[in-house]
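Written below as structure tokens is the structure these notes are about.
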Amino acid sequence: MVEIKHIWKTYLTRRGPRDILKDICFSIQKGDKLGILGCNGAGKSTLIRIISGAELPTSGEIVRGMTVSWPLALQGGFVGNLTGTDNLRFICRVYDVDYDQAFRQVSDFSELGHYLDEPVRTYSSGMRARLAFAISMAVDFDCYLIDELSAVGDRRFNKKFKDVLFGEKGDRSLIMVSHFYGVIQEYCNKVAVLDQGRLALFEDTKEAIATYDRVLAGQHITF
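Under the numbering used here, read the sequence shown as residues 4 to 226, first letter to last.
What follows is the structure, given as structure tokens:
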């Protein structure tokens with residue numbers, strides 16, 4: 004289980020402190036697939052980074068009873084002067100993964116060929132995305148975090164990624180944030196809406212989508 008307990012996140016701005024996340028609470032069990040809908044700027048990416056441990060909350064606690072991935076769209080963790088293979092080797096050491104097996108998986112999945120032996124700083128954004136998602140699939144997590152599934156890349160690579168994540172790894176837990184509810188409807192069995200820092204969980208997907216439509220129309224969630 005992953006438990007998110009009373010998470011608050013406050014940033015200092017020129018106009019004073021601003022609460023991005025306000026008393027966020029929820030939990031997911033093994034195999035749950037939670038989709039979180041929110042407009043741009045709602046705090047979705049901030050929440051995903053906090054759950055992953057890449058960023059600390061201002062207050063509150065994350066209890067991780069299973070292994071949790073980094074945000075799968077995250078490309079900022081690469082060392083630009085190192086090659087793709089060197090970055091992979093480093094990640095394998097951190098997560099205690101067999102490098103030879105991981106290299107075969109990443110090489111096949113990313114389709115980067117000889118570019119794996121080039122510095123990551125020379126990669127295009129699409130190539131970095133391919134490397135990031137390929138490495139994510141090579142490390143076996145209990146729970147995967149996804150910040151906008153559309154960030155995977157072109158249509159063919161997107162399908163290839165979905166086939167692995169929802170096929171081979173379909174029994175894993177998932178927390179996905181998006182501003183588009185089509186992908187949430189398709190892949191998630193639980194849905195929440197994030198608005199003005201508050202998170203509302205729904206048992207009924209249709210009710211969640213109707214609430215999100217109201218948010219898009221300017222009618223904010225009230226608690």
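Virtual Cβ for every residue (Gly too), placed ideally from N, Cα, C.
Start and end residues, beta strand (DSSP E) containing residue i
{"i": "T13", "result": "5-16"}
{"i": "V218", "result": "Careful: V218 lies outside any beta strand (DSSP E), inside the alpha helix (DSSP H) at 208-219."}
{"i": "G38", "result": "36-40"}
{"i": "C95", "result": "Run containing C95: none in the beta strand (DSSP E); it sits in the alpha helix (DSSP H), 87-98."}
{"i": "D22", "result": "19-31"}
{"i": "G63", "result": "62-67"}
Integer Cβ distance of residue i from residue j, believed to fall under 8 Å
{"i": "A220", "j": "F205", "result": "The Cβ separation is near 18 Å, so there is no contact."}
{"i": "K8", "j": "V66", "result": "7 Å"}
{"i": "L148", "j": "I31", "result": "Actually they do not touch by this definition, with Cβ atoms about 11 Å apart."}
{"i": "G87", "j": "V123", "result": "6 Å"}
{"i": "I224", "j": "A203", "result": "5 Å"}
{"i": "G200", "j": "K25", "result": "4 Å"}
{"i": "I94", "j": "I23", "result": "At roughly 29 Å, the Cβ-Cβ gap does not stay under 8 Å, so I94 and I23 are not in contact."}
{"i": "D145", "j": "K12", "result": "With 8 Å as the limit, D145 and K12 do not qualify as a contact, their Cβ atoms being about 24 Å apart."}
{"i": "D150", "j": "P74", "result": "5 Å"}
{"i": "G68", "j": "M4", "result": "4 Å"}
{"i": "F164", "j": "R131", "result": "That pair is no contact at about 14 Å."}
Run of the alpha helix (DSSP H) containing residue i, from where it starts to where it stops
{"i": "D120", "result": "Looking at the DSSP string, D120 is not in any alpha helix (DSSP H), and its letter there is neither H nor E."}
{"i": "K162", "result": "158-166"}
{"i": "F136", "result": "128-141"}
Exposure of residue i, with buried meaning 16 or more beta-carbon neighbours within 10 Å
{"i": "G185", "result": "exposed"}
{"i": "F136", "result": "buried"}
{"i": "T16", "result": "exposed"}
{"i": "S62", "result": "exposed"}
{"i": "D166", "result": "exposed"}
{"i": "R158", "result": "exposed"}
{"i": "V218", "result": "buried"}
{"i": "Y14", "result": "exposed"}
{"i": "C28", "result": "exposed"}
Separation of residue j from residue i, as counted between CA atoms
{"i": "L134", "j": "S113", "result": "6 Å"}
{"i": "R107", "j": "H117", "result": "13 Å"}
{"i": "L85", "j": "G129", "result": "17 Å"}
{"i": "I212", "j": "H182", "result": "11 Å"}
{"i": "D143", "j": "E64", "result": "24 Å"}
{"i": "N90", "j": "F160", "result": "21 Å"}
{"i": "Y126", "j": "V109", "result": "16 Å"}
{"i": "E121", "j": "R92", "result": "14 Å"}
{"i": "D35", "j": "M140", "result": "18 Å"}
{"i": "R18", "j": "D111", "result": "49 Å"}
{"i": "D216", "j": "L119", "result": "43 Å"}
{"i": "E58", "j": "T49", "result": "8 Å"}
Can at least three beta-carbon pairs, one atom from the stretch 169-180 and one from the stretch 92-106, be found at a separation below 8 Å?
no
Cβ pair count under 8 Å reaching 3, the stretch 23-40 against the stretch 186-200
yes
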